[in-house]
Each structure stands twice: as C-alpha cells, then as structure tokens.
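Visitor:
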Amino acid sequence: MRRKKPRPRRVLEKRRRIAIRRIKKLTRLVFSTYKEAIANGDRELVEIAREYGVLLRRIAHIHKVKVPEVVEMFTCPKCKNVVFPGANAEVVGRKIKCLICGNERDHRLNAV
Ligand SMILES: [Zn+2]
144 MRRKKPRPRR
154 VLEKRRRIAI
164 RRIKKLTRLV
174 FSTYKEAIAN
184 GDRELVEIAR
194 EYGVLLRRIA
204 HIHKVKVPEV
214 VEMFTCPKCK
224 NVVFPGANAE
234 VVGRKIKCLI
244 CGNERDHRLN
254 AV
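Just so you know, we're using the numbering used here here: the sequence shown kicks off at 144 and counts up by one.
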C-alpha cells in the first residue's frame with residue numbers, strides 16, 4: 144500500500160511521541176533483562192536483551208528520535224549492539240571489549 148499524500152504534521156508528531164514512549168520502555172527492558180540474564184546465567188536472555196537493543200535502535204532510526212544517552216554508552220560503536228559487561232562484553236583494564244564483534248574501546252561507563 145502506498146500513500147500519495149504527505150502525512151499531516153500532527154500525525155507525525157503523534158507517531159514520534161509513541162516512538163519515544165516505546166524507546167523509554169525498551170531502555171528499561173534492555174537493562175533489566177541483562178541484569179536478570181547475569182543473575183541467572185541465562186544465555187538465551189542475553190540474546191533477548193540484545194534483540195531489544197536492536198529493536199530500540201530501529202524504532203529510533205525510523206521515527207528520527209534520539210537514542211537515550213545511557214543506551215548510547217552501552218552501544219558498541221562497531222556492531223551497534225547494546226552490550227553489557229558480564230553478559231556479552233568484557234572489561235579489559237580501562238577498555239570495554241565487545242564479545243560479539245571483538246571491538247575494544249575506552250570505557251565511558253563512569254557516568255552511569
Ligand atoms: Zn561490537
């Protein structure tokens with residue numbers, strides 16, 4: 144189905160408001176799932192948490208909404224996955240290593 148008329152501005156604003164709400168919800172979900180995964184040592188939950196991160200980023204991209212700062216801090220700059228130390232990231236000295244793509248970066252987690 145193709146739309147010919149451009150969407151009115153208020154419709155776009157409503158869609159973005161919904162997107163922001165979903166992103167907030169997903170942000171909480173990503174970190175709570177990672178914490179639960181680490182507490183239970185569940186590899187499947189780690190994968191689910193990672194997928195929440197992918198979904199979050201996709202929603203932000205489609206609706207041109209900013210990704211929350213906290214999520215950005217835990218995002219691997221190379222593979223764009225939200226990684227969490229203890230689940231799919233490793234702290235090596237002063238660096239954080241992503242265990243998905245193997246990329247290392249200086250950690251900026253001090254602000255959290
Ligand atoms: Zn990575």
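In this text, a Cβ means the ideal position worked out from N, Cα and C, and glycines have one as well.
1. Would you mind giving the Cβ-Cβ distance between Cys222 and Asn183, rounded to the nearest angstrom? I have them listed as a contact below 8 Å.
2. Excluding the 5 residues flanking Leu188 on each side, which residues of the same chain have their C-beta closer than 7 Å to its C-beta?
3. Three Cβ pairs or more, each shorter than 8 Å: is that satisfied between the stretch 226–241 and the stretch 207–214?
4. Kindly indicate which three-state DSSP category Ile161 falls into: helix, strand or coil?
5. For my contact list, Arg248 and Pro220 are in at a C-beta cut-off of 8 Å; report their separation, rounded to the angstrom.
6. Tell me the rounded alpha-carbon separation between Lys167 and Arg152.
Guide: The relevant details are as follows:
1. Not really, about 25 Å apart at Cβ, beyond 8 Å.
2. Thr176, Glu179, Ala180
3. no
4. helix
5. About 6 Å; that satisfies the 8 Å criterion.
6. 23 Å
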